[in-house]
Amino acid sequence: MPELPEVEVVRRGLDRGVVGRTISAVEVSHPRAVRRHLAGGADFAARLAGRTVVATRRRGKYLWLPLDDGDAVLAHLGMSGQLLVVPPETADEVHLRVRFVFTDGGAELRFVDQRTFGGLVLSEGGAELPPVIAHIARDPLDPQFDDAAFTAAVRHRHTGLKRALLDQSLISGVGNIYADEALWRAKLHYARATESMTPGQVRSVLAAARGVMSEALDEGGTSFDSLYVDVNGESGYFSRALAVYGREGEPCLRCGTPLRREPFMNRSSFRCPRCQPTPRRAHW
DNA sequence: CCTGCCGCCTGCGCGC
DNA sequence: TGCGCGCAGGCGGCAG
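Under my numbering, the first sequence has 137 at position 88, and the numbering climbs by one with no breaks.
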C-alpha cells in the first residue's frame with residue numbers, strides 16, 4: 050500500500066516528469082476517480098485544459114500539482130492508485146481511470162487504480178494547501194512538524210496508541226504497515242492507553258515512525274528510477290525490511306519470540322508478545 | 001467536541 | 001472445477 054515514503058517517491062517522479070508542462074486534454078474514464086470533484090468528470094477535464102503544472106507538493110499521503118493560476122490537482126492513491134508518466138503510445142492500462150495529455154506531445158500522465166479508493170480533484174485556490182485537506186496534519190518528515198504539540202495532543206487523547214498513529218488529524222502519512230513497525234521499534238502495544246503514556250514514550254514512538262519512514266524513503270529513492278510502483282502498490286523495500294508486518298509466526302528479530310497477528314480496528318496488527326506485552330491501561 | 005464504526009471497491013487465495 | 005467468502009485498508013461521513 051502506498052504510505053508516505055511511496056507517495057514521496059511518486060512526487061519526486063512527477064517533479065521530473067510533469068512540472069513546467071501544459072495540459073492539452075484530460076480524459077476521465079471512470080467517474081469514481083473524480084468523485085470528490087462535485088461538478089463531475091466532464092467539468093474536471095474541461096477546466097484543466099490549457100493549464101500549466103508549476104510544482105509538486107505533498108502532505109502525508111496526499112500529493113498535489115499546483116497550477117499556474119493558483120489552483121491545484123489534488124491526488125490520493127488510496128489502496129492501489131498509481132500515477133504513471135508513460136509515452137503516449139503505451140497501451141492503456143486495465144485500470145486506467147484518468148489520462149492527462151500535454152501540449153508538447155510528450156509523455157502522458159495516467160492515474161491507474163484497481164480498487165478505486167483513490168481519486169483526483171481540482172482544488173480551487175489549492176496551490177499552497179488544498180482547503181479540502183486542511184484538516185490533515187503535517188507528517189513527521191515535514192520540517193515544520195511540531196513534536197511537542199504532537200506529544201501533548203496524543204497524551205490528551207483517550208484512545209489506543211495505534212488509533213492515534215492512524216489519525217491523520219494528529220499525524221499524517223502513517224498507515225497500518227508503518228504503525229506496526231513503529232510500535233515494534235518503540236516496544237509499545239497498539240492498544241496502549243494514550244492518556245497514560247509518558248512524554249518520553251510518545252517521543253519514542255514518534256522517533257520510531259520517523260525512522261522507519263525515512264529508511265523506507267532512502268530505499269525507495271535509490272531503487273526507483275521511474276514512477277513505477279509494482280502491482281501491489283509496494284516498493285521493493287517491504288519484502289526485505291519489515292520487522293513485524295506480515296510476519297505472523299516468524300521469530301521477533303530482537304528476542305526470537307514468534308510474532309502474532311491480531312485483529313484490531315477491523316484490520317490486522319502484528320506485534321511481538323514479549324517485546325510489546327499487553328498493557329494494564331488499554332483501549333481496544 | 002470527542003471518539004468509534006461503517007461502507008466503499010476489486011482481485012486473490014483458500015476451503016469445500 | 002467452480003463457487004463463495006474472507007481479506008487487504010484509507011478515510012469521509014455520521015452516529016452516539
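Backbone N, C-alpha and C define an ideal beta-carbon position, used for all residues, glycine too. Computed from a predicted structure; not experimentally measured.
Leu171 is the residue among Ala257, Thr105, Glu55, Leu171 whose C-alpha sits nearest the C-alpha of Val181. With fewer than 16 other beta carbons inside 10 angstroms of its own, Gly89 counts as exposed. In this structure Glu138 does not touch Phe149 by the C-beta definition: roughly 16 Å separates them, more than the 8 Å allowed. Scanning Arg259, Arg234, Leu215 for the CA closest to the CA of Arg316 turns up Leu215.
Listed in chain order, the non-local C-beta contacts of Gln163 below 7 Å within the same chain comprise Ser129, His144, local neighbours out to five positions each way being set aside.
When the five nearest sequence neighbours on each side are left out, no beta carbon in the same chain lies closer than 6 Å to the beta carbon of Ala91. Across the structure, Gln325 and Pro307 are spaced so that their CA atoms are roughly 12 Å apart. Your pair Trp333 and Ala240 checks out as a contact, with CB atoms roughly 5 Å apart and the cut at 8 Å. For the alpha helix (DSSP H) assignment, the segment 126-182 encloses no uninterrupted run of at least 4 residues. Pairing Ala231 with Leu302, the inter-Cα distance amounts to about 14 Å.
Counting the other Cβ atoms within 10 Å of the Cβ of Pro179 gives 16 or more, which makes it buried. Secondary structure of Leu53 (DSSP, three-state): helix.
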